[in-house]
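Novice: FYI, in numbering that gives the first Met the number 0 the residues of the sequence shown are 0 to 305.
Every residue gets a Cβ at the ideal spot worked out from N, C-alpha and C, and that includes glycine.
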Amino acid sequence: MSVLDGKTVAEKIQVELGTEIEKLKGEGGIVPGLTVIMAGDDPASRAYVNSKSKLAEKMGIRSKLVKLPETTTAEEVIQTVEAANSDPLVHAILVQMPLPRHIDHWKILDRILPEKDVDCFHPTNQGLILQNRSRIFPCTPCGVMKILDHYGLDPAGLNAVVAGRSFLVGKPMAAMLSNRNATVTLCHSRTVNLEGILREADLIVAAVGKPAFITAEMVKPGAILIDVGINRIDKEEDFANFCPPSRYEVFKKKGYLLIGDIHFQAFAKAGHYTPVPGGVGPLTVTMLMSNTVELCKRSISVTRDA
Ligand code: NAD
Numbered sequence: 000m001s002v003l004d005g006k007t008v009a010e011k012i013q014v015e016l017g018t019e020i021e022k023l024k025g026e027g028g029i030v031p032g033l034t035v036i037m038a039g040d041d042p043a044s045r046a047y048v049n050s051k052s053k054l055a056e057k058m059g060i061r062s063k064l065v066k067l068p069e070t071t072t073a074e075e076v077i078q079t080v081e082a083a084n085s086d087p088l089v090h091a092i093l094v095q096m097p098l099p100r101h102i103d104h105w106k107i108l109d110r111i112l113p114e115k116d117v118d119c120f121h122p123t124n125q126g127l128i129l130q131n132r133s134r135i136f137p138c139t140p141c142g143v144m145k146i147l148d149h150y151g152l153d154p155a156g157l158n159a160v161v162a163g164r165s166f167l168v169g170k171p172m173a174a175m176l177s178n179r180n181a182t183v184t185l186c187h188s189r190t191v192n193l194e195g196i197l198r199e200a201d202l203i204v205a206a207v208g209k210p211a212f213i214t215a216e217m218v219k220p221g222a223i224l225i226d227v228g229i230n231r232i233d234k235e236e237d238f239a240n241f242c243p244p245s246r247y248e249v250f251k252k253k254g255y256l257l258i259g260d261i262h263f264q265a266f267a268k269a270g271h272y273t274p275v276p277g278g279v280g281p282l283t284v285t286m287l288m289s290n291t292v293e294l295c296k297r298s299i300s301v302t303r304d305a
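See the structure below:
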């Protein structure tokens, strides 16, 4: 059983990106620009957005956070998107999910210019992924592929099961694994016999959002386990059910613990696994920076070719 250390992979990519960012600055004083739009004050979204802003600053990416209140209207969010669309200093736009419940997120995501759509939310970009001709990929599934590639784990021919079918993670993940020649089963809340399907998997990507949902009994010995889930545990009884006793001191000190969708006992059976924290999470923010730089470079080549 070996740990797939996302932090190490992320740091390596950040070093390479740093060189590219310096090159852009040296060539014509170009600074990649990212605008993140957040509506409402969901605590998890706030934490994600802060970590994105922090990394952007560290990497020398110009990042702007637009915070809108929970009571904002779809029209206000669209206006913010349009302002970023028409700003030449903004190369990448991210609308932080989830939006407040009264807003139809498709109405908003459809308005992001596909060439500034940093997490591939726009239908054009999702379509390009399905057709295997996209040049950038959604940050989280892209991060998963980076981890697999870094550790030389080729998905070709593997029986891969993706649990969770959100348009953010599960669906593009399934398409990307299929594009890399895995045989993919995409599972969801209405899947019949999920346990049986998981037990046949050589590679499991868990993106369900339920703590320790996939247990050791559901995992084939030697499988590759990629845990995308991030769940906050702050009750003592949940800690006892879901967390290894070795993390008790941290739980007590912080008052909570972040865990994934895969029960820790399953890791002992795995061939390889990503931990939470320190697995997919660091890649998600890093790929956001990487996609921002890629979109910036592409906007320059479009301007030059025009
Ligand atoms: P989501 O709520 O949009 O989707 C959850 C999916 O899980 C749905 O498709 C649903 O059908 C499926 N599901 C629910 N119950 C199920 C069950 N009993 N059996 C099988 N499938 C079931 O969530 P999301 O945005 O895709 O995120 C999933 C998890 O990944 C969350 O914990 C989220 O916080 C985490 N996440 C982590 C990162 C990261 O960087 N590590 C990035 C994005 C999301």
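#1: For the 8 Å Cβ check, are there 3 or more pairs between the segment 78-93 and the segment 112-127?
#2: Quick check on residue 85: buried or exposed, where buried means 16 or more other Cβ atoms within 10 Å of its Cβ?
#3: Between which two residues does the alpha helix (DSSP H) harbouring residue 258 extend?
#4: First and last residue of the alpha helix (DSSP H) that includes residue 298?
#5: How many angstroms separate the CA atom of residue 31 from the CA atom of residue 18?
#6: Answer with buried or exposed for residue 262, where buried requires no fewer than 16 other C-beta atoms within 10 angstroms of its C-beta.
#7: To the nearest angstrom, how far is the alpha carbon of residue 244 from that of residue 259?
#8: When you measure from the CB of residue 131 to every non-hydrogen atom of ligand 2, does any distance come out below 7 Å?
#9: Can you give me the Cβ contacts of residue 280 inside the same chain, cut-off strictly under 6 Å, excluding the 5 residues immediately before and after it?
#10: What residue ranges within the segment 1-66 form continuous beta strand (DSSP E) runs of no fewer than 3 residues, ordered along the chain?
#11: From residue 249 to residue 288, what does the alpha carbon distance come to, in whole angstroms?
#12: Which residues bound the alpha helix (DSSP H) around residue 231?
#13: Along the chain, where does the beta strand (DSSP E) containing residue 223 start, and where does it finish?
#14: How about residue 48 and residue 33: do their beta carbons lie closer than 8 Å?
#15: Helix, strand or coil for residue 150, going by three-state DSSP, please let me know.
#16: Which full runs of the alpha helix (DSSP H) of 4+ residues lie inside the segment 153-201, going along the chain?
#17: Helix, strand or coil for residue 94, going by three-state DSSP, please let me know.
#18: How about residue 80 and residue 36: are their beta carbons less than 8 Å apart?
#19: Determine the direct distance from the alpha carbon of residue 178 to that of residue 50, and round the result to whole angstroms.
#20: Please go through the segment 103-140 and give each complete alpha helix (DSSP H) segment of 4 or more residues, from N-terminal end onward.
#21: Thinking C-alpha only, which one of 210, 209, 216 and 207 is nearest residue 199?
#22: Counting pairs of beta carbons, one from the segment 183-199 and one from the segment 133-145, are three or more of them closer than 8 Å?
#23: Buried or exposed: where does residue 139 fall if 16 or more other Cβ atoms within 10 Å of its Cβ makes it buried?
#24: Tell me whether residue 143 sits in a helix, a strand or coil according to DSSP, three-state version.
Specialist: Based on what the coordinates show:
#1: yes
#2: On the sequence shown, position 86 is the one that residue 85 refers to. Answer is exposed; the Cβ neighbour count stays below 16.
#3: Stepping through the sequence shown from its first residue, residue 258 is reached at position 259. Not the alpha helix (DSSP H): residue 258 falls in the beta strand (DSSP E), residues 256-258.
#4: Indexing the sequence shown from 1 puts residue 298 at position 299. Note, residue 298: alpha helix (DSSP H), 279-304.
#5: Here residue 31 corresponds to residue number 32 of the sequence shown, with the count starting at 1. Here residue 18 corresponds to residue number 19 of the sequence shown, with the count starting at 1. Their Cα atoms are separated by approximately 13 Å.
#6: Mapped onto the sequence shown, residue 262 falls at position 263. Buried: at least 16 other Cβ atoms inside 10 Å.
#7: Along the sequence shown, read from residue 1 onward, the residue named residue 244 stands at position 245. Along the sequence shown, read from residue 1 onward, the residue named residue 259 stands at position 260. When rounded, the distance between both Cα atoms is 16 Å.
#8: With respect to ligand 2, the structure shown offers nothing to examine, as its ligands consist of ligand 1.
#9: Within the sequence shown, residue 280 is the residue found at index 281, counting from 1. So the list is empty, once near-sequence residues are dropped.
#10: 32-38
#11: By 1-based counting over the sequence shown, the position of residue 249 is 250. By 1-based counting over the sequence shown, the position of residue 288 is 289. Cα to Cα, residue 249 sits roughly 30 Å from residue 288.
#12: Taking the sequence shown and counting its residues from 1, the one referred to as residue 231 is at position 232. Note, residue 231: premise wrong, no alpha helix (DSSP H); beta strand (DSSP E) at 230-232.
#13: By one-based count along the sequence shown, residue 223 stands at place 224. Here the beta strand (DSSP E) through residue 223 covers 223-226.
#14: Start at 1 with the first residue of the sequence shown, and residue 48 comes out as number 49. Start at 1 with the first residue of the sequence shown, and residue 33 comes out as number 34. No, these two residues do not count as a Cβ contact at 8 Å.
#15: If you number the sequence shown from 1, residue 150 lands on position 151. The answer is coil: DSSP assigns residue 150 none of H, G, I, E or B.
#16: 169-178 and 193-198
#17: To locate residue 94, count along the sequence shown from 1; it is residue 95. Residue 94: strand per DSSP, three-state reduction.
#18: As a working mapping, residue 80 is identified with position 81 in the sequence shown. As a working mapping, residue 36 is identified with position 37 in the sequence shown. Yes, the pair counts as a contact, with Cβ atoms nearer than the cut-off.
#19: Counting from one through the sequence shown, the residue named residue 50 turns up at place 51. Counting from one through the sequence shown, the residue named residue 178 turns up at place 179. C-alpha separation (whole angstroms): 30 Å.
#20: 104-108 and 122-129
#21: If you number the sequence shown from 1, residue 199 lands on position 200. With distances taken between Cα atoms, residue 199 lies closest to 216.
#22: no
#23: Looking up residue 139 in the sequence shown gives position 140. Buried is the call here.
#24: Here residue 143 refers to the residue found at position 144 of the sequence shown. Three-state result, residue 143: helix.
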